[in-house]
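Here is the structure we will look at, set down as structure tokens.
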Ligand code: NAD
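In this note's numbering, the protein residues as written are 2 to 457.
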């Protein structure tokens, strides 16, 4: 069945229909309308998958996607135009331009943590750029995968866009095919598998991966605001956010104030009994839930630590000065657990941050401009925010993605269009004159040929 879908998409791409910008726009609009019609049903599916609060489903899934769609519909014509560049004197007479071109079939493989947004957002870029697509959403958010499948079936013919539901097996079968582009969001471990598979066909990839995101709070920071913004960024989606702050490095002199501030915010956000709040999600997969619980063993907790196995509820938890060889400080913490580590001298920070490969996100809370700049420039990471968390994802002008171990490529807004387009370079020569210098026999002086660089 996958082979047939792939063959049908190859044939459809060959018709050249997707090269027509009006065609792309028509389908982006249809998708927009269907998402608007199904917005409540999408939120219900997210709730069924992990009790995602409706506010969060609207704010971080459907509305983000609708904003991307609106922007793409408005700009796709402009983005698709050839971009003229200055002509080279060497080619005189000529016109020269870059023509953005679709690659062909795109495979989009997505995770369960923002299961709607992380499947549809890359699709928008792929379609705006004129590609066809097959989507493979996560098996761990089955209700959302199902509604994605229904929406796509209603809007698109399968030879243009289709969904393949399933887990590793489905993904592996898809990866055995030849793709013109693969867009993967998920763990660094699986990202490496995708990259290897893609290499067999020299398929270009975007890998949106993970990392251990530091959050530094120095003694000049506005502490109560830092506490609020850290608590929000850590606890939205119950901490299952690839760019959530992973661990806090706080100056010793402000640690108590920060911890008390975060505790207060947790109570303000969710009440005294977080489990009873409708505004706090659950851990989606049992595997991650068990891993998170294991991280709490033998830790000194400043707050939280309770859990309920029945619906995989894990209380927001602050871990006090964990040992660096404990599990909570080994890999990514993908849940509402926040390790708090104090430092006395700025020079100690490097010993923590440099232990881990390039993070996906990086946060600094400080009112000291020198310190802000030093932190933001010293380390290699995907993207970051000064004096807040997570919000750098919200500006479509900023490419979103990782670097090194946290990923390859960045998307959103026009960056998505560019990512899914091959930049084809074209030179159109005039025919009314043909300067003979380049042709043999080479009678031109070698001294003159050395001046060629000045003509570029
Ligand atoms: P995952 O890597 O386990 O799975 C992602 C997708 O890959 C799923 O569709 C899954 O079916 C598929 N998959 C799993 N194993 C595979 C294999 N062996 N071969 C082929 N395909 C396979 O990730 P997850 O657990 O669904 O998501 C959580 C991870 O994703 C976290 O590490 C998080 O940081 C990361 N993430 C990154 C971003 C980002 O934008 N950079 C966003 C969200 C999540």
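Using N, Cα and C, we set each Cβ at its ideal position, and we do this for glycine too.
Closer than 8 Å is the cut-off here; do at least three beta carbon pairs connect the region 269 to 283 with the region 347 to 355? Counting Cβ pairs under 8 Å, fewer than three are found: no touch.
Please find out if some non-hydrogen atom of the ligand NAD comes closer than 7 Å to the beta-carbon of residue 115. yes
Residue 107 beta carbon near the ligand NAD (any heavy atom closer than 7 Å): Checking every heavy atom of the ligand NAD against the Cβ of residue 107, none is found closer than 7 Å.
In the DSSP output, which residue or residues are listed as bridge partners for residue 368? Answer by DSSP bridge pairing: none, since residue 368 is not bridged.
Roughly how many angstroms separate the alpha carbons of residue 277 and residue 363, rounded to a whole number? 32 Å
Assign residue 93 to one of two classes, buried (16 or more other C-beta atoms within 10 Å of its C-beta) or exposed (fewer than that). exposed
Take the Cβ of residue 449 as the centre, count every other Cβ of all protein chains shown within 10 Å, and call the residue buried at 16 or more, exposed below. exposed
Can you tell me the Cα-Cα spacing of residue 3 and residue 292, whole angstroms? 34 Å
One or two residues paired with residue 144 in a DSSP bridge: In the DSSP output, where bridge partners are listed per residue, residue 144 has none listed.
From what residue to what residue does the beta strand (DSSP E) around residue 424 run? 422 to 430
N-terminal and C-terminal residue of the beta strand (DSSP E) that residue 216 is part of: 215 to 218
Cβ-heavy atom distance, residue 243 to the ligand COA, below 7 Å: Ligands displayed in this structure: the ligand NAD; the ligand COA is not among them.
N-terminal and C-terminal residue of the beta strand (DSSP E) that residue 98 is part of: 95 to 103
Rounding to the nearest angstrom, what Cα-Cα distance links residue 1 and residue 27 in this structure? It is not possible to answer for residue 1, since the shown part of the chain is limited to 2 through 457.
Between which residues of its own chain and residue 122 is the CB-CB distance below 6 Å, once the five residues before and five after are set aside? 66, 69
At what residues does the beta strand (DSSP E) containing residue 56 begin and finish? Counting along the chain, residue 56 falls outside any beta strand (DSSP E), though it belongs to the alpha helix (DSSP H) covering 55 to 58.
So which of 221, 90, 322, 412 has the shortest CA-CA distance to residue 455? Of the candidates 221, 90, 322, 412, the one whose C-alpha sits nearest the C-alpha of residue 455 is 90.
Is it right to say residue 350 is buried, meaning 16 or more other beta carbons lie within 10 angstroms of its own, or is it exposed? buried
Exposed or buried, what is residue 442 when buried is set at 16 or more other beta-carbons lying within 10 Å of its beta-carbon? exposed
Neighbourhood of residue 247 by C-beta, 6 Å cutoff - its chain only, sequence neighbours within 5 removed: 213, 214, 334
Distance check for residue 423 and residue 106, CA to CA, integer angstroms please. 13 Å
Which residues does DSSP pair with residue 84 in a beta bridge? 99
Distance between beta carbons of residue 210 and residue 403, contact taken as under 8 Å: 5 Å
With respect to the beta strand (DSSP E) encompassing residue 137, which residues constitute its N-terminal and C-terminal limits? 133 to 137
Quick check on DSSP: helix, strand or coil for residue 395? Three-state DSSP puts residue 395 in a helix.
Secondary structure of residue 390, DSSP reduced to three states: coil
Exposed unless 16 or more other CB atoms sit within 10 angstroms - verdict on residue 16: exposed
Under the assumption that residue 171 contacts residue 125 (Cβ atoms under 8 Å), give the Cβ distance between them as a whole number of angstroms. With 8 Å as the limit, residue 171 and residue 125 do not qualify as a contact, their Cβ atoms being about 23 Å apart.
Please go through the same chain and pick out, in chain order, the residues whose beta-carbon is closer than 6 Å to the beta-carbon of residue 181, but skip the five residues on each side of it. Closer than 6 Å at Cβ, skipping near neighbours: 104, 105, 106.
The ligand NAD and residue 205: does any heavy atom of the ligand fall closer than 7 Å to the residue's C-beta? No.
With a threshold of 8 Å on Cβ separation, who are the neighbours of residue 237 within its own chain once the five nearest residues in sequence on each side are excluded? 57, 61, 245, 391
DSSP on residue 455, reduced to helix/strand/coil? helix
Assuming residue 133 and residue 13 form a contact by the criterion Cβ under 8 Å, report the distance between their Cβ atoms to the nearest whole angstrom. 6 Å
What are the boundary residues of the beta strand (DSSP E) that residue 252 is part of? 248 to 252
Under a three-way DSSP split, which group does residue 179 fall into? coil
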